[in-house]
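Below: one structure, written as structure tokens.
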Amino acid sequence: MVFMLKSHRFVLALVLGLIAAPTAWAGNDDTDWANLHAFRQRDADLVAHGPVPHRVVFMGDSITEFWDQDHQNQFAEPTHINRGISGQTTQQMLLRFRQDVIALQPETVIILAGTNDIAGNTGTTTNAMIEDNIASMAELARPHGIRVILASVLPADHYWWAPDIKPVARIADLNQWLKAFAVKQGAGYINFFTPMADQAGGLRPEYGADGVHPNAAGYAVMNRLVKEALSTPSSVSER
Numbered sequence: 686m687v688f689m690l691k692s693h694r695f696v697l698a699l700v701l702g703l704i705a706a707p708t709a710w711a712g713n714d715d716t717d718w719a720n721l722h723a724f725r726q727r728d729a730d731l732v733a734h735g736p737v738p739h740r741v742v743f744m745g746d747s748i749t750e751f752w753d754q755d756h757q758n759q760f761a762e763p764t765h766i767n768r769g770i771s772g773q774t775t776q777q778m779l780l781r782f783r784q785d786v787i788a789l790q791p792e793t794v795i796i797l798a799g800t801n802d803i804a805g806n807t808g809t810t811t812n813a814m815i816e817d818n819i820a821s822m823a824e825l826a827r828p829h830g831i832r833v834i835l836a837s838v839l840p841a842d843h844y845w846w847a848p849d850i851k852p853v854a855r856i857a858d859l860n861q862w863l864k865a866f867a868v869k870q871g872a873g874y875i876n877f878f879t880p881m882a883d884q885a886g887g888l889r890p891e892y893g894a895d896g897v898h899p900n901a902a903g904y905a906v907m908n909r910l911v912k913e914a915l916s917t918p919s920s921v922s923e924r
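Counting in my numbering, the final residue of the sequence shown is number 924, and the numbers go up one at a time with none missing.
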């Protein structure tokens, strides 16, 4: 009888724990692997106000996040929404794509991603895995009437936080796939790589001091190319 009571108490405790677990998970930022909490409230505020014409969401990592911090005026335009999170990989972006992009009902999404995957930020990743994640984001966007523009990965010949990684060849291969996929899908493509790369495939020093992140001059190049892509009726921007 004592054993049965203890068993019942154990089962009850287990059930109560399982019921409580989702609440604990949702409230604990340490377990929010995709960082969904980062924009949750801002997304909710935008959704509450409804869609607006010409909205563009920029999905990306730190290169996107830092775009509107003391650099240029890309996001002074209220219809341009920055959804970059530093350090993120395409796996994490895919998990938050519905909340941070689709729910906002934009006209266009610009996806700039992949360099942190190559750097191994969330573990070893092949280019095929990166391609699958980006393709999935594009496939999620299109049925919702969202125009997709894919951006090339920016040049980098080293990662200061992952010095053993040699990224040049993988970036070149990924950019080749991105352009081909954009053509096949009728999506847009922005070639940031060519005007910002040096002869070794790294970021030209006048466009960024750490070899990965653009400075004001680098973002000025990117702003020009984004403006061209958004105003060009053709699918792929070659410049």
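Beta carbons: idealized from backbone N, C-alpha and C, even for Gly.
Small disclaimer: the values here were computed from a predicted structure and weren't measured.
Host beta strand (DSSP E) of residue i (start-end)
i	result
Asn-758	Looking at the DSSP string, Asn-758 is not in any beta strand (DSSP E), and its letter there is neither H nor E.
Asn-767	765–769
Arg-832	832–836
Leu-793	Note on identity: in this sequence residue 793 is Thr, with Leu being the wrong assignment. Segment 793–797, the beta strand (DSSP E) holding Thr-793.
His-741	Sequence inspection shows Val at residue 741; the His mentioned does not correspond to that position. First-last of the beta strand (DSSP E) with Val-741: 741–745.
Beta-carbon proximity check, residue i vs residue j, cutoff 8 Å
i	j	result
Ala-872	Ile-834	yes
Val-732	Pro-791	no
Ile-856	Ala-841	yes
Glu-891	Ala-902	yes
Gln-773	Asn-801	yes
Leu-721	Phe-782	no
His-843	Gly-896	yes
Val-911	Gln-759	yes
Phe-878	Val-853	no
Ala-798	Met-881	no
Arg-655	Leu-789	The chain is shown only over 686 to 924; residue 655 falls outside these bounds and no answer can be derived.
Ile-803	Pro-899	no
Phe-777	Ala-729	Going by the sequence as given, residue 777 is Gln instead of Phe. Not a contact, by the Cβ cut-off of 8 Å.
Ala-867	Tyr-874	yes
Where the alpha helix (DSSP H) containing residue i begins and where it ends
i	result
Arg-855	853–870
Phe-878	878–881
Phe-782	775–785
Val-906	901–916
Ile-875	Per DSSP, Ile-875 belongs to no alpha helix (DSSP H); it is in the beta strand (DSSP E), 873–875.
Val-732	725–734
Ala-894	Segment: none, Ala-894 is in no alpha helix (DSSP H) and carries neither H nor E.
Thr-800	800–804
Ala-826	812–826
Presumed contact (8 Å Cβ cut-off) between residue i and residue j, rounded CB distance
i	j	result
Thr-793	Leu-915	7 Å
Asp-858	Asn-812	6 Å
Trp-862	Glu-816	5 Å
Ile-796	Ala-723	With 8 Å as the limit, Ile-796 and Ala-723 do not qualify as a contact, their Cβ atoms being about 17 Å apart.
Ile-787	His-829	5 Å
Using 8 Å as the cut-off, can you tell me whether the segment 818–832 makes contact with the segment 759–767, which would need three or more C-beta pairs spanning the two stretches below that distance? Contact between the segment 818–832 and the segment 759–767 is absent, because fewer than three Cβ pairs lie under 8 Å.
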